[in-house]
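Participant: To start, I am sharing the structure in question, which I have written as structure tokens.
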Amino acid sequence: MNVADLRALDRLQLLVTRRLDGLLHGDYLGLLPGAGSEPGEAREYRAGDDVRRMDWPVTARTTVPHVRTTVADRELETWLAVDLSPSLDFGTVGMLKRDLAEGAVAAFAYLAGRGGNRIGAVVTEGGPAKAIPPRPGRGGARSLLRTVTSLPRGEGTSDLADLIDTTRRHARRRGLAIVISDFLEDEDNPSDWPRELRRLAVRQQVLCVEVLDPAELALPDVGVLDLMDPETGATVEVQTGNARFRARYAEAAAEQRARIAAGIRTGGATHLRLSTGSDWLRDIATFVAERRHLAAYR
């Protein structure tokens, strides 16, 4: 990486640190808090609680049903499955989807690295997936980010199923897996990535981060556009001034995103959508805060 790239990376890390520390107050036990295995405090039973967590000694002493809460393990190994294929070299609102994906890597590596947790990654730029061994703490997160952002841009289509499968084979310990991608594939030759997500979710908590650009949901009325597929090089000329064409485009885009969301649900993963046209750091902070809030009432 040259000096300019390092400075840009340092600015990104500083932005992530300042914003997330300001938006997420207090400590937490994980990005996707689960039931955990360490015993916690007892509290009164509420409708819907798992009866297997009943604390019978406390119930007998108080004559009121109590359950024993559990605390999520503090040591967490996180794996990032990062899709940086050519389809992410697109953007219409100040940044490319690739920039947003790299920002998401920085944010989640920073969050997951707190407390000395280990962070590794599997990355594809359109070719075979490459593994970056996990390292602990914020130093490991910083090293991982520099490695990811210094990878050369690839060519050709990505295989999302292979990326997820490679991540599963490297993530031997139970922990957290975060898949960062636009989830766009060749519709004539799609891969069964929801199946690979299900296999990954057997031992991991899985979060899918979908990155997109507003123009992928609705075309603006800007006249004739020459569009090129960055993965195949195919070009097409479209007339965005045609209202019926824009309506069909928006309908097809909505169906495509619905299929992606359904695939993520089928794979047993949690879904977070980030857009180049929104405050993506606030969206991440809101997501993490909501997960913490939900976990507190389980």
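Residue numbering for the sequence shown follows this note's numbering, starting at 15 and increasing by one per position.
C-beta: ideal position from N, C-alpha, C; glycine also.
1. Is it buried or exposed, Q218, if we count other Cβ atoms within 10 angstroms and call 16 or more buried?
2. Assign P148 to one of two classes, buried (16 or more other C-beta atoms within 10 Å of its C-beta) or exposed (fewer than that).
3. Could you give the distance in angstroms between the alpha-carbon of D97 and the alpha-carbon of S172?
4. List the DSSP bridge partners of L226.
5. I'd like the ranges of any alpha helix (DSSP H) spanning at least 4 consecutive residues and lying wholly in the stretch 170-213.
6. For G134 versus H184, is the C-beta spacing smaller than 8 Å?
7. Which word fits A126, buried or exposed, when buried means at least 16 other C-beta atoms lie within 10 angstroms of its C-beta?
8. According to DSSP, what are the bridge partners of T138?
9. Are the beta-carbon atoms of T249 and L233 separated by less than 8 Å?
10. Would you call W294 buried or exposed, if buried means 16 or more other Cβ atoms sit within 10 Å of its Cβ?
11. For the stretch 202-217 and the stretch 279-294, state whether three or more C-beta atom pairs, one from each stretch, are separated by less than 8 Å.
12. Return yes when the Cβ of A95 is within less than 8 Å of the Cβ of V162, no when it is not.
13. Closest to V65 by C-alpha separation, out of R75, V81, V72, would be which residue?
14. Taking the straight line between their C-alpha atoms, what separation do you get for L158 and R75?
15. Please classify L226 as buried or exposed, where buried requires at least 16 other C-beta atoms within 10 Å of its C-beta.
16. Starting from the Cα of R132, find the closest Cα among Y59, R156, T77, W207 and give me that residue.
17. Let me check understanding here. Comparing Cα to Cα, which of E58, I194, G277 lies closest to A120?
18. On the three-state DSSP scale, how would you describe L102?
19. For the ligand MN, any of its heavy atoms closer than 7 Å to the Cβ of R57?
20. Please name the residue, chosen from I298, T290, F301, that lies closest to M109 on a Cα-to-Cα basis.
21. How is A272 classed by DSSP in three states: helix, strand or coil?
22. Going by DSSP, what residues sit across from R132 in a beta bridge?
23. Could you tell me the alpha carbon to alpha carbon distance between A266 and E199, rounded to whole angstroms?
24. In its own chain, which residues sit with a C-beta less than 7 Å from the C-beta of D297, not counting the 5 before and 5 after it?
25. Thinking C-alpha only, which one of V216, E139, I274, L231 is nearest V223?
26. CB-CB under 6 Å to R152, same chain, minus the five flanking residues each way: which ones, in chain order?
27. Rounded to whole angstroms, what is the Cα-Cα separation between G117 and V78?
Facilitator: Taking the definition as stated:
1. buried
2. buried
3. 8 Å
4. S289
5. 174-184
6. yes
7. buried
8. D97
9. no
10. buried
11. yes
12. no
13. V81
14. 52 Å
15. buried
16. R156
17. I194
18. helix
19. With respect to the ligand MN, the structure offers nothing, as it holds no ligand at all.
20. T290
21. helix
22. E91, P150
23. 15 Å
24. L288
25. I274
26. G127
27. 49 Å
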